[in-house]
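**Student:**
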Amino acid sequence: TKVTRARKELSIPVPWGHVSAIAWGNPQDKKVLMVHGSQDNAESFTKLVQYLPQNYYYMSIDLPGHGLSSHFQSGTVIHFLDLVLALRHVLDELEWTKCSYIGHSLGGQIGAYHSIIYPEAFDKLVTMDAFMCLTYPKEKILKRIKTEYDAALDEAREPEPLYTRDEAFERLWKQRKYTIPQEAAEMLFDRSVTKVGDKYKFNRDSRLKPVISLHYNFETTIEFLKTLQTPTLLLLARESIYDTLRQRHVLETYKKISPNYLTIQDMEGNHELHANNPEAVAS
């Protein structure tokens, strides 16, 4: 059943600035933290929250360098584990010792690694079309590192481009790898941009355009996964990012490594499950 909840905007202090968030429900209820994918923002979950159970307190954050949250220090390389540490800062500031976690794409990966490093933090983990980070054969790791360094250099040198409102919305909605409804793009828009005169610039940190990942090979990733202790549900899209990246086969290995903690459920749709079919995801 669809429920309209009152929402509250929050700003959570962190050492490099603040992390912005949207919260729904009663803070005294059981807590659920929600984290979006790369290039999105906290509004990603606005539609989904309307279909989730009422007796929970839901908080959706803007990752650093997304939405209304502060960027990390300019000129530095952003590593995947910086985002995991950012999540830890948020939980510590909120004084949440235990909660449930819902993450999409990059947000799902961040939650998975956080739960491995801090197994007491989440009582359950739900990830949408993402789980462990992409793995890299050793001969590709150097190229991967250079891509991240080049992104950091470009961010420090190049000003953010400006767009008309229509151009900015078109980029947000149409220039995505996986389609979302226009309504979902409209929800994301105001949090995605800042008006500069009669033009708009995107708030997202350009250093995050390359896929943020770990420089680990498959064997190292498996060693991480062996320590998973949090019950995890991976909602896997039929048109999955794992197919695009030709990595679906790794999921079977993950299931064998962690049969007691990892459940994989197939769902109709593309990578943007929560945007395209929130009611099915909620059920």
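Numbering (UniProt numbering), first residue to last: 1 to 283.
A virtual CB, placed ideally from N, CA and C, is assigned to each residue, including glycine.
(1) Pull up the DSSP beta-bridge partners for K140, would you.
(2) I110: which of V90, R5, P13 sits nearest, CA to CA?
(3) Distance check for K174 and A130, CA to CA, integer angstroms please.
(4) Shortest alpha-carbon distance to L273 belongs to which of K47, I257, D82, A151?
(5) Between the region 258-269 and the region 152-159, are three or more C-beta pairs nearer than 8 Å?
(6) Please state the DSSP three-state secondary structure of K30.
(7) Taking 8 Å as the limit between beta carbons, can you name the residues of its chain near Q73, skipping five residues before and five after?
(8) Is the separation between the beta-carbon of E43 and that of L188 shorter than 8 Å?
(9) Q265 and L134: beta carbons closer than 8 Å?
(10) Would you identify the three-state DSSP class for L235, choosing helix, strand or coil?
(11) Is it true that the CB of Y136 sits closer than 8 Å to the CB of H249?
(12) Could you give the uninterrupted runs of the alpha helix (DSSP H) lying entirely in the region 215-271, keeping only those of 4 residues or more?
(13) Could you give the distance in angstroms between the alpha-carbon of N55 and the alpha-carbon of K146?
(14) Just the Cα atoms here: how many angstroms apart are L235 and Y57?
(15) Looking at F202 and V211, is the spacing between their C-beta atoms short of 8 Å?
(16) Output the residue ranges of the alpha helix (DSSP H) runs that lie fully inside the region 45-79 and measure 4 residues or longer, sorted by chain position.
(17) Using a Cβ-Cβ cutoff of less than 8 Å, which residues in the same chain neighbour Y242 once the five nearest sequence positions on both sides are dropped?
(18) Is it right to say S70 is buried, meaning 16 or more other beta carbons lie within 10 angstroms of its own, or is it exposed?
(19) Give the DSSP-derived three-state secondary structure of E9 in the structure shown.
(20) Output needed for W96: all residues of its chain with C-beta closer than 6 Å, excluding positions within five of it in sequence on either side, in chain order.
(21) So the candidates are F122, D150, S100, L172; which of them puts its Cα closest to the Cα of F41?
(22) Between which two residues does the alpha helix (DSSP H) harbouring G111 extend?
(23) Measure from the alpha carbon of Y118 to the alpha carbon of each residue in L85, L10, T179, then state which is nearest.
**Tutor:** Answer, in terms of the structure:
(1) To locate residue 140, count along the sequence shown from 1; it is residue 140. For K140, which the question treats as bridged, DSSP gives no partner whatsoever.
(2) Taking the sequence shown and counting its residues from 1, one reaches residue 110 at position 110. When only C-alpha atoms are compared, the closest one is V90.
(3) Counted from its first residue, the sequence shown places residue 130 at position 130. Counted from its first residue, the sequence shown places residue 174 at position 174. The alpha-carbon atoms of A130 and K174 are separated by roughly 22 Å.
(4) Start at 1 with the first residue of the sequence shown, and residue 273 comes out as number 273. Checking every option, the nearest Cα to that of L273 belongs to K47.
(5) no
(6) For the purposes of this step, residue 30 is taken as residue 30 along the sequence shown, with counting starting at 1. The answer is strand: DSSP assigns K30 an E or B state.
(7) The count along the sequence shown starts at 1 and reaches residue 73 at position 73. The answer, listed in chain order, is W16.
(8) Counting from 1 along the sequence shown, the entry for residue 43 is found at position 43. Counting from 1 along the sequence shown, the entry for residue 188 is found at position 188. Contact flag set, yes.
(9) As a working note, residue 265 is residue 265 in the sequence shown. As a working note, residue 134 is residue 134 in the sequence shown. No, they are not a contact pair.
(10) Position 235 of the sequence shown, counting from 1, holds the residue named residue 235. Three-state result, L235: strand.
(11) Within the sequence shown, the letter at position 249 stands for residue 249. Within the sequence shown, the letter at position 136 stands for residue 136. Taking a C-beta distance under 8 Å as the contact criterion, H249 and Y136 do not qualify as a contact pair.
(12) 218-225, 241-244, 249-257
(13) Mapped onto the sequence shown, residue 55 falls at position 55. Mapped onto the sequence shown, residue 146 falls at position 146. Approximately 47 Å between the Cα atoms of the pair.
(14) Within the sequence shown, residue 235 is the residue found at index 235, counting from 1. Within the sequence shown, residue 57 is the residue found at index 57, counting from 1. Their backbone Cα atoms lie some 22 Å apart in a straight line.
(15) Here residue 211 corresponds to residue number 211 of the sequence shown, with the count starting at 1. Here residue 202 corresponds to residue number 202 of the sequence shown, with the count starting at 1. For V211 and F202, no; Cβs fall outside 8 Å.
(16) 46-49
(17) Start at 1 with the first residue of the sequence shown, and residue 242 comes out as number 242. Excluding residues within five positions, the ones whose Cβ falls inside 8 Å are D129, L236, R248, V250, L251.
(18) In the sequence shown, the residue the question calls residue 70 occupies position 70. Its Cβ being crowded by 16 or more others within 10 Å, S70 is buried.
(19) In the sequence shown, residue 9 corresponds to position 9, counting from 1. In this structure, E9 counts as strand in the three-state DSSP scheme.
(20) Within the sequence shown, residue 96 is the residue found at index 96, counting from 1. Hits under 6 Å: K31.
(21) As a position in the sequence shown, residue 41 is number 41, starting the count at 1. According to the sequence as given, residue 41 is Asn; it is not Phe. Residue L172 is the option with its Cα nearest to N41.
(22) Stepping through the sequence shown from its first residue, residue 111 is reached at position 111. The continuous alpha helix (DSSP H) containing G111 extends over residues 106-117.
(23) Counted from its first residue, the sequence shown places residue 118 at position 118. That would be L85, whose Cα lies nearest to the Cα of Y118.
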